[in-house]
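In this note's numbering, the protein residues as written are 191 to 419.
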């Protein structure tokens with residue numbers, strides 16, 4: 191046991207790795223991904239919840255089917271697609287993949303939440319001359335704050351901590367994320383465990399702070415869903 195508290199490992203981990211570059215990459219990829227997920231999921235969920243037609247029900251089933259497909263099955267096709275479309279070593283390339291995976295769960299959340307919202311509110315707005323886009327932006331969207339916070343946090347936690355997809359798509363050192371940069375503390379014959387664990391703590395501080403900031407909105411979303419359901 192050490193005789194006194196020391197932060198030397200944090201200093202060494204900072205110097206041994208490009209922490210600022212890694213945290214910037216993680217932040218950029220996470221922000222782009224969750225914005226895509228929220229935008230597409232909210233629009234698709236609204237259409238599915240308000241259109242009682244076979245086509246929209248089929249689209250909803252397709253989204254749900256994607257939830258049961260293991261990533262390992264799509265891993266090789268995604269890599270080949272990324273290579274052919276020049277999506278490797280790109281923030282936008284990997285963000286599009288994360289968006290595709292996150293939309294599946296996002297549509298499920300948004301569609302269920304919107305179905306619980308009374309149609310009378312929309313009908314009253316439509317009588318007053320409000321268009322469908324106006325109804326969504328001015329009436330529905332403000333009501334979606336709880337479920338949006340839930341979708342944001344769940345996807346942000348997954349994307350920030352994901353290792354396998356960045357390992358496939360981000361081969362250039364310039365684009366390494368926090369988990370990918372931490373991986374290089376482990377060598378074939380030796381490992382810097384002290385630096386790796388210090389780096390892990392440095393990596394989770396931002397996402398833990400984000401979770402604590404959004405926690406009350408998640409609780410509101412869960413409570414609202416329970417009451418309406």
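Glycine residues also receive a C-beta, built at the ideal position from the N, C-alpha and C atoms.
{"Check": "Report the three-state DSSP secondary structure of residue 401 (helix, strand or coil).", "Outcome": "helix"}
{"Check": "Can you tell me which of the three DSSP states residue 353 falls into?", "Outcome": "coil"}
{"Check": "With DSSP as the reference, please indicate the residues paired to residue 376 in a beta bridge.", "Outcome": "381"}
{"Check": "Going by DSSP, what residue range makes up the alpha helix (DSSP H) through residue 319?", "Outcome": "Element bounds for residue 319: n/a, residue is neither H nor E."}
{"Check": "Enumerate, from N- to C-terminal direction, the unbroken alpha helix (DSSP H) stretches of 4 or more residues contained entirely within the region 271 to 355.", "Outcome": "281 to 305, 309 to 317, 322 to 325 and 335 to 351"}
{"Check": "For residue 367 and residue 240, I'd like the C-alpha separation in whole angstroms.", "Outcome": "39 Å"}
{"Check": "Count the other CB atoms, across all protein chains shown, that sit within 10 Å of the CB of residue 262; report buried if there are 16 or more and exposed otherwise.", "Outcome": "exposed"}
{"Check": "Pick from 315, 393 and 281: whose alpha carbon is nearest that of residue 355?", "Outcome": "281"}
{"Check": "Which stretch, first to last residue, makes up the alpha helix (DSSP H) that contains residue 240?", "Outcome": "209 to 240"}
{"Check": "Give the C-beta separation of residue 283 and residue 272 to the nearest angstrom, bearing in mind that I take them to be a contact with Cβ-Cβ under 8 Å.", "Outcome": "6 Å"}
{"Check": "Quick one: what's got a C-beta closer than 6 Å to residue 345's C-beta in the same chain, skipping five residues either side?", "Outcome": "224, 227 and 292"}
{"Check": "Taking only three categories from DSSP, how would you classify residue 406?", "Outcome": "helix"}
{"Check": "What's the C-alpha gap between residue 270 and residue 375?", "Outcome": "28 Å"}
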